[in-house]
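Undergrad: Okay, handing you the structure first.
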Amino acid sequence: DTLFAVRDNGPGIMPDQLSHVFERYWQAAETARKGTGLGLAIAMGFVEAHHGKIWVESQVGHGSTFYFSLPGPDKMAESA
């Protein structure tokens, strides 16, 4: 598998909100109305459609890291 990571140094995500970040239309109250709430749900759809995994790790006050992994070409051929 190939692992990708995108890190920011923003405010981080509260622990009780982590399980919601990939839900369609969900937005944290602090950032509501700054978008549609679809971006991470769409990203999850793309990654899962390619038999990958996506997740986030975050520490309040220190930012978040979004990870996704995709299987290599040999594993993609096996699942086709």
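The letter at position 50 of the sequence shown is residue 1372 when you use the working numbering, and the numbering goes up by one with no holes. Built from N, CA and C at the ideal position, the CB exists for glycine as well.
1) Okay, do the segment 1326-1334 and the segment 1381-1389 touch, 3+ Cβ pairs below 8 Å being the bar?
2) I'd like the ranges of any beta strand (DSSP E) spanning at least 3 consecutive residues and lying wholly in the segment 1324-1388.
3) Going along the chain, which residues of its own chain have a beta-carbon closer than 6 Å to the beta-carbon of K1375, five neighbours each way excluded?
4) Measure the CB-CB distance between P1333 and V1382 and report whether it falls below 8 Å.
5) If you measure from the CB of E1379, is any heavy atom of the ligand NAP nearer than 7 Å?
TA: Checking against the coordinates, here is how it stands:
1) Result yes; three or more Cβ-Cβ pairs closer than 8 Å.
2) Correct list: 1324-1329, 1375-1381.
3) Counting from one through the sequence shown, the residue named residue 1375 turns up at place 53. Cβ neighbours of K1375 within its own chain (closer than 6 Å, five residues either side excluded): S1391.
4) Reading the sequence shown from its first residue, position 11 is the one you call residue 1333. Reading the sequence shown from its first residue, position 60 is the one you call residue 1382. In contact: P1333 and V1382 (Cβ atoms closer than 8 Å).
5) By its list of ligands, the structure shown contains no ligand whatsoever, and the ligand NAP lies outside what it can speak to.
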